[in-house]
Every structure is written in structure tokens, then in C-alpha cells.
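A.B. asks: If you're matching positions, the sequence shown starts at 129 in our numbering and goes up one per residue.
Ideal Cβ placement from N, Cα and C applies to all residues, glycine included.
Submitted below is the structure of interest, expressed as C-alpha cells.
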Amino acid sequence: MLSRLVRIPVMLVILLCLPSKVFAQKTVTISGIVKESDSGETLPYAHVLVLQSTIGAATNIDGRFVLLDVPSGEQVLRVSFLGFQTKDVPVNTNEVLGPLIIELDPISTDLNEVVVVG
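Here's what the structure looks like:
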């Protein structure tokens, strides 16, 4: 009789805790490198953000970045750097196998003429 009284509350606790483990979201790490599309040079200190989240990083001096605890599934990375066009990169974290290589295009501004007054 006593073992049955103990067994029922223990089973209830297990059943109540089980869904939190089942629905816990898996997270992944995304790494990569940001380069200039024309020359292939790396872009140090570019900003890499996961949209719809608070996750982000800046590239190091070699243009490399690491994003930790990114929710698995479809994500969009926004990459920006001064003087370059901002780029949104769709990423499926279930299919990412290695480091991403992201290339940014420079913003070109042409001047029609320069007037020097002296």
C-alpha cells in the first residue's frame, strides 16, 4: 500500500517534467568568414547578426566569426560592414556542414565632377 502511494506521486513528477525535455529547442554553432567579393580580402570587424534574435558577433581581425546557441532550423544572418552593402543570408542550421563564406559587395559612389575653388 505504501509503495503504491509513493509510486503515483513519483510518476506524476516524471510525467510533468518530461514535456520540458521533449520540447527543448536544440541549438547549434554557426561559424564562417566574411570577405570582399571583388578582391577576396577578409573584412575584419564586420557585424553578423541572427535576425529575430539577440544573437550576434563581430568578425575578428581575420574576418572569422562564431555564433553560439543559434536555434536550429531556418535562420537569416544579416552581415554588414561600413562601405559595403548589407547582405541577408538564409541559413538552414540543420544542413550547415562547415564554415560559411559570405562575400559583401562594396558600395560604389561615383562623383560627377570635383570643383576646387582657391
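#1: Using a Cβ-Cβ cut-off of 7 Å (strictly less than) and excluding sequence neighbours within five positions of D166, which residues of its own chain qualify?
#2: DSSP on N113, reduced to helix/strand/coil?
#3: For a test of the three-state rule: what should DSSP assign to E241, helix, strand or coil?
#4: Please state whether the Cβ-Cβ distance between L195 and V217 is less than 8 Å.
#5: If you drop the 5 nearest sequence neighbours on each side, which residues of the same chain put their C-beta closer than 7 Å to that of P227?
#6: On a Cα-Cα basis, can you pick out the residue from V176, V244, G191 that is closest to G184?
#7: Out of T187, N220, E231, which one is the CA nearest neighbour of T155?
#8: Roughly how many angstroms separate the alpha carbons of L210 and I230, rounded to a whole number?
#9: Bridge partners for F193 per DSSP, in chain order?
#10: Along the chain, where does the beta strand (DSSP E) that runs through I230 open and close?
#11: Apart from the five residues on each side of it in sequence, which residues of its chain come closer than 7 Å, Cβ to Cβ, to T182?
#12: DSSP three-state call for S208: helix, strand or coil?
C.D. replies: The relevant details are as follows:
#1: Numbered from its first residue, the sequence shown carries residue 166 at position 38. Around D166: P234.
#2: Residue coverage of the chain in this structure runs from 129 to 246, which leaves residue 113 outside it and unanswerable.
#3: Here residue 241 refers to the residue found at position 113 of the sequence shown. Correct three-state label for E241: coil.
#4: By 1-based counting over the sequence shown, the position of residue 195 is 67. By 1-based counting over the sequence shown, the position of residue 217 is 89. With a cutoff of 8 Å on beta-carbon distance, L195 and V217 are scored as not near each other.
#5: Indexing the sequence shown from 1 puts residue 227 at position 99. These residues qualify, in order along the chain: S159, G160, I161.
#6: Locating residue 184 in the sequence shown gives position 56, where the first residue counts as 1. Residue nearest to G184 within the set V176, V244, G191 is V176 (criterion: CA-CA distance).
#7: Locating residue 155 in the sequence shown gives position 27, counting from the first residue. Closest by C-alpha distance to T155, out of T187, N220, E231, is N220.
#8: Walking along the sequence shown from the start, residue 210 turns up at place 82. Walking along the sequence shown from the start, residue 230 turns up at place 102. Using only the alpha carbons, I get a separation of about 15 Å.
#9: Walking along the sequence shown from the start, residue 193 turns up at place 65. As computed with DSSP, F193 is found in a beta bridge with G160.
#10: In the sequence shown, residue 230 corresponds to position 102, counting from 1. In the DSSP annotation of this structure, the continuous segment of the beta strand (DSSP E) that includes I230 starts and ends at 228-232.
#11: Numbered from its first residue, the sequence shown carries residue 182 at position 54. Cβ neighbours of T182 beyond the five flanking positions: none.
#12: Within the sequence shown, the letter at position 80 stands for residue 208. Note: S208 maps to strand in three-state DSSP.
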